[in-house]
Every structure is written in structure tokens, then in C-alpha cells.
Amino acid sequence: VSTLNNIKKTYSTFVLLVTNYFSLSELKGNLLPDPPAELKILDPGYLGHLYINWTLPASLRNLNNCFVRFQLQYFDTSENRLKVVRTTEHSYSAYFNLEKDAHVRVETLISGPCVNGSDELRSMSSEAVLRAHSRGLHGSKIEDLTCVFYNGEYMDCIWTKKNTKPPHSHYHLHQGMEQAQECPQYIELHRERTGCRLYWPLLLEFTEFNICVNGSAMGLPLQAAYFILQVQNQVKPAPVKALNLEPTMDGQFLLEWAPPEGRVPGHCLEFEVESVAGDTEVYWHLTVKPHFDLGTGVLANCTSVCLRVRGRVHHFCADRSFWSEWSQALCTPHGAGLPNLSGTLVKTFSVVAPV
């Protein structure tokens with residue numbers, strides 16, 4: 069028995085050495101390495117957040133003096149482009165639109181002394197596909213979804229339904245980042261669900277936020293619609309509530325306003341000032357400060373001026389944003405409070421929007 073065990077150990081060692089020798093000699097001959105094995109796409113039920121797993125091919129498990137990594141390619145739904153990732157790990161997670169097939173490709177990349185001076189050897193691709201979720205009544209999917217994050221406090225997501233939707237359709241919204249949850253507060257019109265309200269503790273900025281709208285009609289499922297958005301790109305600040313126009317010591321005119329209420333940081337806001345001089349001349353000015361120096365040019369040669377302000381999140385804090393509603397206009401009366409050529413202002417004007 070002892071002799072038999074020794075023979076088995078010797079044979080196993082020999083097979084291992086031979087396998088390692090041929091793998092190493094093939095790489096030094098600059099032949100292609102084997103692609104990753106057991107490539108899989110797993111759907112844990114997170115509304116499009118999928119897991120991608122693979123293993124190192126058996127022919128490369130015993131190599132020495134080699135640096136092994138992998139190149140993953142997939143279509144990034146949120147950025148609407150092909151994305152390439154290089155990693156030494158054997159797994160990756162990404163967001164996909166489940167209305168479309170999810171395609172991934174993974175290649176093995178090898179560099180180091182074992183490739184006989186070559187910069188890097190690349191295998192053929194391993195490919196995997198997760199088929200789209202297509203069940204449900206034909207033509208029953210909602211047309212569009214619009215989400216607005218008001219004041220950084222709550223977000224209303226309103227969907228648009230097709231005119232051909234089945235009768236007695238009942239919709240559900242599911243949202244989540246790490247796990248799917250149903251809408252906590254539905255918005256209804258004529259006793260029919262048209263949207264969902266979500267509050268800020270559930271909404272993490274700079275994180276992919278997944279939404280699925282599905283439902284049923286006459287006991288049959290409706291086609292699901294999937295959406296991916298970035299919460300910080302949906303912000304609509306509150307309107308500016310107070311405007312004040314007063315002269316300065318150097319004969320200029322300073323327009324001031326109170327920053328909008330809500331959770332939007334002041335350093336993330338930019339403002340647009342609209343000034344209507346007389347009956348026809350309209351000017352727009354952008355500023356990141358809660359005040360603007362009008363100078364004498366805007367108010368000169370006119371009998372009255374009307375000013376109003378709106379705000380949004382600027383491009384340093386978000387890729388896009390919604391403009392707030394305009395503030396209540398501040399208008400000077402005809403012939404009153406206007407500057408003369410010497411820079412004297414007779415009155416100061418202010419307006420405060422109602423609460």
C-alpha cells in the first residue's frame with residue numbers, strides 16, 4: 069500500500085510538472101493564453117445591478133513569474149457607452165437596462181517573464197448574455213418617467229402612459245440601490261397611480277438609482293420599464309424668496325436675494341438674473357453669488373426696471389439640473405427710484421415672496 073501511494077504521488081507530481089511545462093512553453097512561444105472560464109451573469113433582483121463572475125482557466129493556475137489580469141467589456145447603460153475595465157479580481161458588478169440583453173466579454177491578459185519578452189498576451193474572449201425581461205402584455209409598458217428632486221428633500225417620479233394601455237391597469241414602482249423596495253407613497257390622479265414620491269433619506273447622491281415600473285391589468289402582468297438615474301442630476305431648487313435693490317457707495321446698484329430654502333448646498337448653486345428695462349430690453353446675467361452688481365448700464369435711459377432671479381445646481385456639483393421657478397419680480401415704479409447721471413438713487417426697493 070505504501071509503495072502504491074508513493075507511485076500515485078510521483079505520478080501526480082509528474083503530471084503537474086508536465087502540465088506546467090507545456091503551459092509555460094506555449095506562452096514563451098507567444099501562443100494565446102486560454103480565456104477566462106465559467107463566465108456567468110447573475111441577477112440578484114436589484115433592478116438591474118448585476119454580478120459578473122469568472123474563474124482563471126485551468127491551464128494558467130500553476131504558472132510562475134506571470135502577472136495575470138482580466139479585461140471586461142460591457143455597455144454602460146447609465147453613461148450610454150461601451151465600457152472597458154481591467155482588473156485582477158474574478159468578479160465585477162455593474163448596472164444594466166433589463167429591457168435589453170446584457171452582453172459581457174472577458175479576456176485574459178498575461179505579462180511578465182513567462183511571455184518571453186512580449187509586452188502582454190491577450191486571450192480570445194469569453195462571452196455571456198443575460199436575456200432581457202420581456203414578459204407582460206404587448207404594448208403595456210409606460211412611455212416615459214420624469215423624476216424631479218425638489219429642494220433636495222423629496223423626489224417625485226411621474227410616468228407617462230400610452231393611450232393604448234389596457235383597461236384597469238394598476239401600476240407599481242420599485243426602487244433601490246442595494247435592494248428593491250416598493251414605492252412608499254404613490255401619487256394618484258382620479259384614483260389612478262401616476263407616480264411615486266420618495267424622500268431624501270432613501271436617495272444617495274452620486275450613486276446609481278434603479279427604478280422599475282410594472283403592474284397588472286385584468287390579472288395579467290404589464291411589461292416592465294427600467295430606468296437608471298443619478299439623484300444629484302434631478303435636483304430642482306426652491307424659488308428665491310426675497311429680492312432687494314439698493315445703491316452702493318460707488319454709484320452702482322446691488323441686487324441681493326436670500327438663498328433658496330431646502331437641502332441644496334449654497335456652494336452648488338448658480339443664479340440667473342433677468343432684468344427688463346423699459347418695455348423691450350431684456351438682459352440675462354449668470355452668477356454663483358446671492359447678489360449681482362447691475363451697474364448703471366441696465367438702469368440707464370429707462371423709466372422703470374423689473375428684476376427676477378432663479379437658480380439651479382451648477383456643473384461642478386451635477387451633470388445637469390432643473391431651473392427653479394422664477395422669484396417674484398421686483399419692479400421699480402415709473403419715474404421713481406431710478407438713477408440720475410450723478411449716480412444718486414432716490415429710493416431702495418425690495419420684495420419678499422409670500423410664504
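To convert, take the position in the sequence shown, counting from 1, and add 68; that gives the working numbering.
Backbone N, C-alpha and C fix where the C-beta goes; we use that ideal spot for every residue, glycine too.
Predicted model only: the values in this text are computed from it and were never measured.
| query | result |
| --- | --- |
| In whole angstroms, what separates the C-alpha of Leu85 from that of Val197? | Residue placement at Leu85 is flagged as unreliable, the pLDDT there being 32, under the threshold of 50; the coordinate-derived value follows with that caveat. Distance between the alpha carbons of Leu85 and Val197: 36 Å. |
| Let me check understanding here. Comparing Cα to Cα, which of Glu340, Cys374, Ala248, Arg378 lies closest to Val308? | Arg378 |
| Taking 8 Å as the cut-off, does the stretch 232-244 touch the stretch 279-296 (at least 3 CB pairs, one atom from each stretch)? | yes |
| Do you know offhand how far Asp470's Cα is from Phe164's? | The structure shown does not extend to residue 470, since the chain is modelled only from 69 through 423, so no value can be given for it. |
| Can you tell me which of the three DSSP states His335 falls into? | helix |
| Tell me which residues share the same chain as Asn148 and place their Cβ nearer than 8 Å to its Cβ, disregarding the 5 neighbours each side in the sequence. | none |
| So what's Val172 in DSSP terms, helix, strand or just coil? | strand |
| Quick one: measure Cβ to Cβ for Val381 and Cys336, integer angstroms, because I've assumed they're closer than 8 Å. | 5 Å |
| Can you tell which of Leu398, Thr228, Glu195, Ile178 has its C-alpha closest to the C-alpha of His171? | Glu195 |
| Once the 5 residues before and after Phe295 are set aside, which same chain residues still bring their CB inside 6 Å of it? | Leu213, Ile279 |
| In three-state DSSP terms, what is Arg376? | strand |
| To the nearest angstrom, report how far apart Gly263 and Gln291 are at their CA atoms. | 17 Å |
| Is Glu211 buried or exposed, if buried means 16 or more other CB atoms sit within 10 Å of its CB? | exposed |
| Would DSSP call Pro181 helix, strand or coil? | helix |
| Is DSSP giving Asn148 helix, strand or coil here? | coil |
| Can you find the residues in the same chain that come closer than 6 Å, C-beta to C-beta, to Gln141, ignoring five residues on each side of it along the sequence? | Val152, Arg173 |
| For the 8 Å Cβ check, are there 3 or more pairs between the stretch 341-356 and the stretch 254-263? | no |
| Taking the straight line between their C-alpha atoms, what separation do you get for Glu250 and Arg265? | 11 Å |
| Mark Lys108 as exposed unless 16 or more other C-beta atoms lie within 10 angstroms of its C-beta, in which case mark it buried. | exposed |
| By DSSP, does Val414 sit in helix, in strand, or in coil? | Its pLDDT being 37, under 50, Val414 is placed unreliably by the model, and nothing is read from it. |
| Is the CB-CB distance between Asp102 and Ser191 below 8 Å? | yes |
| Output the distance between the C-alpha atoms of Leu166 and Ala200, rounded to the nearest integer angstrom. | 5 Å |
| Is the separation between the beta-carbon of Leu311 and that of Leu322 shorter than 8 Å? | no |
| In terms of residues, what are the limits of the beta strand (DSSP E) holding Pro315? | 310-315 |
| Exposed or buried, which one is Gly113 when buried takes at least 16 other CB atoms within 10 Å? | exposed |
| When DSSP builds the beta bridges, which residues end up paired with Ile296? | Asn278 |
| Taking all protein chains shown into account, decide if Pro289 is buried (16 or more other Cβ within 10 angstroms of its Cβ) or exposed. | exposed |
| Within 10 Å of its beta-carbon, does Thr123 have 16 or more other beta-carbons around it, so buried, or fewer, so exposed? | exposed |
| Taking the beta carbon of Gln247 as the centre, do at least 16 other beta carbons fall within 10 Å, making it buried, or is it exposed? | exposed |
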